[in-house]
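Asker: Residue 206 in our numbering sits at position 66 of the sequence shown, and the numbers go up by one each step.
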Amino acid sequence: MLNLKEKLIDILVKSKSISQEKLNQLIQLQKKRNLPLRKLLLREKIITEQELLSILSEHLYLPSLRLNKYRFDPKIVALVPEKFCRRYGIIPLSQIGNTLTVAMTDPLNIFALDDLKTLTGCEIDIVLSPEEEIKAAIDNQYRKETTDDLQQILSEISTDQSMRMDEDSRQDSDISQGLELTDAVQESQTPPIVKLVDMMLIQALRRRSSDIHVEPEKDCLRIRYRIDGNLYDVLRLPRKNQNAILARLKIISNMNITESRLPQDGRFKVRMENKEIDFRVSALPTSFGQKFVLRALDKSNLSIGLNQLGFSEQPLRLFKEAIAHPFGMILVTGPTGSGKSTTLYSILNRLNTSERNIVTIEDPVEYEIEGITQVQARHEIGLDFSSGLRSVLRQSPDIIMVGEIRDSETADIAIKAALTGQLILSTLHTNDAASSITRLIDMGVEPFLIASSLIMTCAQRLCRKLCNKCRQVYEPPDEVLKNFKIDEKVKFYQAKGCDYCNSTGFFGRIAALEVLMIDDYIRRLIIKKGSLDEIKEYAVEKQGMKNLRDDALLKVKQGLTTLDEALRITTEE
C-alpha cells in the first residue's frame with residue numbers, strides 16, 4: 141500500500157501536473173530542506189494552491205469549500221484550541237454525532253489528524269479549503285474567543301446610555317461636542333470601561349508587549365500589540381465605546397481631557413507581579429479620532445548589565461575597554477527601536493557609583509535611576525539638549541548622557557565637554573558605525589575635534605531570538621548559503637511556533653553590533669578627511685572589526701536566530 145507521500149506523488153504524475161524528472165528533483169530537494177512535499181511544490185511555484193486542492197479533491201474524493209461566507213458556530217470552533225489550529229492549518233466546521241468536520245489544506249498530514257482525533261475524541265471528516273482563507277477564519281473566530289472577557293465587560297455598558305447619547309444630539313455643534321465630552325468622561329469612569337482598559341494592559345504585559353496601539357478606524361477601535369518588534373492584531377472594539385476608552389486613557393495618563401486637536405504626551409505606572417511598569421503614552425489626532433500608543437518600560441530591565449545583553453564576545457570586550465576611559469565620547473547609532481537606550485542605560489548602571497556624578501539629558505526620561513541626576517528636555521520653554529548640556533557642565537559632572545545629538549550646537553558642546561574631562565554618552569541616527577564621523581562633520585564639527593574626543597562608535601540592530609522550546613533544524617538552500625558567504629558546516633534553525641512563544645517561533649530579541657574603535661591611524665584619517673571606505677577597510681583588515689551582517693550571522697551559527705532575521709536587520713556590505 142502506498143504511504144501518504146507516495147500517494148501525493150502518484151496523484152501528481154497521473155494528473156500530469158508535473159514531469160517525473162522534475163518531481164525527482166523536488167524529492168531530493170525536499171529531503172535536503174526537510175519540508176513537506178506539498179509546501180515545497182507551492183514554494184517553488186510548480187503548482188498553485190487552487191490547482192493542488194482541485195487535484196487532491198478529485199483523487200482523494202474529498203469535497204472543497206470556500207470559507208469566505210461560511211457561518212461558523214462558536215461552540216464548534218471552541219472544541220479545538222487556537223494554537224492547535226494555527227499549528228496545523230485547520231479550523232472546525234461542524235459536528236454530527238461523534239464526527240467532527242474540519243477544513244484543512246493538507247489532508248495528507250496524518251500527524252495533525254491523529255492529534256486532532258486524540259484531542260477531541262471524534263472521528264474526523266476533511267474538507268479542503270485554501271490556506272489563506274483558513275488563516276483568515278482563524279483570525280476572525282479566535283479573536284472573538286480570546287476577547288470574550290473584554291466583550292462581556294462591554295456588554296455590561298448600558299444600551300440605554302448609548303441610545304440617549306444618540307438622541308441628545310443638538311444642532312449647535314459646540315453644545316453637541318460638549319455633551320459628548322461630558323458623556324465620554326462619565327462613561328470612562330464606569331466599572332466596565334475601567335475593567336476593559338485594565339484587562340487590555342494586563343493582557344499586553346503577559347504577552348511581553350513593548351507597545352500597545354489603540355487605533356480608531358471608521359467602524360471600530362483597533363487594538364494591536366508589538367511583541368518582539370512585530371505588531372499583532374488583538375481585538376476590535378465597538379466604535380460607540382471609543383470616546384469612553386480614549387477618555388479613560390487620557391485620565392490615567394494625566395492628559396488634557398478637553399484637547400483632541402493637538403498631539404499630547406503623558407505617562408502612568410502600574411504594578412504587576414511585583415514589577416513596576418512605566419507606560420509612556422502618546423496621543424495623535426487622526427481622521428477617525430485620536431490614536432494612542434502606550435509604550436511599556438519595565439524597570440526590572442535596568443538591572444540588566446552589559447554581560448546580559450547578548451553581545452558577542454568581541455563587541456562586549458570593546459565596550460568594556462571604551463567605558464573604562466575617564467573622558468571622551470562614546471556614540472551608539474541606529475534607527476528608532478534598535479535598543480540604543482537600553483545599551484546606554486546598561487552602561488550607566490555599570491558606571492553608577494557613589495564616587496561619580498552622573499547627569500542625563502533626555503527627551504523623554506524613559507527610566508528613573510536611583511543615584512543619577514536626570515533632566516527632562518522641554519523644548520517649549522527653551523530647555524533643549526544644547527541649553528541643558530551647557531547648564532549641566534556647571535554642575536561638575538563626571539559622566540553625561542545626552543539622549544541624542546540632533547544639531548550642530550549640541551554636537552559642539554558635547555565634544556568640547558569630552559575634551560575637558562567628561563565622559564559623554566549619546567546616540568546618533570546613522571546606518572553604520574563609521575557614518576557617525578561623517579554625520580558629525582556635516583553638523584559643522586571640526587575633524588580635529590572629532591579625532592581628539594571620539595573613543596568608540598557603535599551601530600546596533602535588534603533581531604528576534606528563536607524560541608528554544610520549539611526551534612527546529614533545517615538545511616538552507618545552497619544559493620542562500622552562497623549569498624551569505626557561508627561555506628562551513630553549521631547547524632541552522634528555523635522558527636516553528638508553540639504555546640510558549642504564542643506560536644510566533646520567537647521569544648525575545650538580541651542585539652547585533654558593529655563596533656569601531658578610534659585608534660591613532662583612524663584619528664589621522666579623520667583629520668585629513670579620509671573617506672568612509674578607507675576607515676572601514678582599515679577597521680576590518682587591521683582591527684578585525686565585524687560589521688552588522690557578520691555579527692548577525694554569528695548569532696545564526698550559534699542557533700540564536702534565523703538567516704531570514706539576519707537578512708532583515710542588515711544590509712549587504
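Glycine included, every Cβ here is placed at the ideal spot set by N, Cα and C.
State whether the stretch 557 to 568 contacts the stretch 407 to 425, with contact taken as three or more CB pairs (one from each stretch) at a distance under 8 Å.
Answerer: no
Asker: Compute the distance between the beta-carbons of Thr473 and Thr597, then report whether it is under 8 Å.
Answerer: In contact: Thr473 and Thr597 (Cβ atoms closer than 8 Å).
Asker: Rounded C-beta distance between Ile274 and Thr245? I'm assuming under 8 Å.
Answerer: 6 Å
Asker: Measure the CB-CB distance between Leu163 and Arg178 and report whether it falls below 8 Å.
Answerer: no
Asker: Taking the alpha carbon of Pro616 as the point to measure from, which residue in Asp438, Gly648 and Phe624 has its own alpha carbon closest?
Answerer: Phe624
Asker: Assuming Val217 is part of the beta strand (DSSP E), what are its boundary residues?
Answerer: Looking at the DSSP string, Val217 is not in any beta strand (DSSP E); the run it does join, the alpha helix (DSSP H), is Pro214 to Val217.
Asker: If you follow the beta strand (DSSP E) that His199 is part of, which residue opens it and which one closes it?
Answerer: That residue, His199, is in no beta strand (DSSP E); its alpha helix (DSSP H) goes Glu189 to Leu200.
Asker: Quick one: grab the DSSP three-state call for Ile658.
Answerer: coil
Asker: From the DSSP output, in three-state form, read off Asp255 for me.
Answerer: helix
Asker: Based on the DSSP secondary-structure assignment, which residues constitute the bridge partners of Tyr507?
Answerer: DSSP lists no partner for Tyr507.
Asker: Roughly how many angstroms lie between the CA atoms of Leu565 and Val542, to the nearest whole one?
Answerer: 6 Å
Asker: Would you kindly report the start and end of the unbroken beta strand (DSSP E) that includes Ser234?
Answerer: Ile230 to Ile236
Asker: Beta-carbon separation of Pro587 and Ile666 under 8 Å?
Answerer: yes
Asker: What residue does the beta strand (DSSP E) around Thr721 start on, and which one ends it?
Answerer: Because residue 721 is not part of the residues shown, which for the chain are 141 to 713, the question remains open.
Asker: Would you tell me roughly how many angstroms separate the C-alpha atoms of Thr239 and Pro247, rounded to the nearest one?
Answerer: Cα to Cα, Thr239 sits roughly 16 Å from Pro247.
Asker: Using a Cβ-Cβ cut-off of 7 Å (strictly less than) and excluding sequence neighbours within five positions of Leu345, which residues of its own chain qualify?
Answerer: For Leu345, same chain residues with a beta-carbon under 7 Å away, outside a window of 5 residues either side, are Met412, Ile417 and Ala436 in chain order.
Asker: Around the C-beta of Tyr282, are 16 or more other C-beta atoms found within 10 angstroms, so that it is buried, or is it exposed?
Answerer: Looking at its Cβ environment, which holds 16 or more other Cβ atoms inside 10 Å, Tyr282 is buried.
Asker: Can you check which of these residues, Lys431, Leu259, Tyr614 and Phe408, is closest to Val505 by C-alpha distance?
Answerer: Phe408
Asker: When we look at the beta-carbon of Ile236 and count the other beta-carbons within 10 Å, is it buried (16 or more) or exposed?
Answerer: exposed
Asker: Mind checking which residues open and close the beta strand (DSSP E) that includes Phe408?
Answerer: Per DSSP, the unbroken beta strand (DSSP E) holding Phe408 starts and ends at Gln404 to Met412.
Asker: For Gln382, I'd like the list of residues in its chain whose CB is within less than 7 Å of its CB, leaving aside the five on either flank, ordered along the chain.
Answerer: Closer than 7 Å at the Cβ level, and outside the excluded window around Gln382, lie Pro356, Leu361 and Gly429.
Asker: Quick test of the definition: if touching needs 3 or more C-beta pairs under 8 Å, does the stretch 628 to 640 touch the stretch 687 to 703?
Answerer: yes
Asker: Are the CB atoms of Arg366 and Ser349 within a distance shorter than 8 Å?
Answerer: yes
Asker: With a threshold of 7 Å on Cβ separation, who are the neighbours of Gln514 within its own chain once the five nearest residues in sequence on each side are excluded?
Answerer: Apart from the 5 residues on each side of it in sequence, Gln514 sits with its Cβ closer than 7 Å to the Cβ of Thr500, Glu502, Val505 and Glu508 in its chain, given in chain order.
Asker: Check the DSSP bridge columns for Gly429 and list the partner residues they point to.
Answerer: Thr426
Asker: For Ile167, which residues in the same chain have their Cβ closer than 8 Å to its Cβ, ignoring the five residues on either side in sequence?
Answerer: Once the five neighbours on either side are set aside, the close Cβ partners of Ile167 are Ile149 and Leu177.
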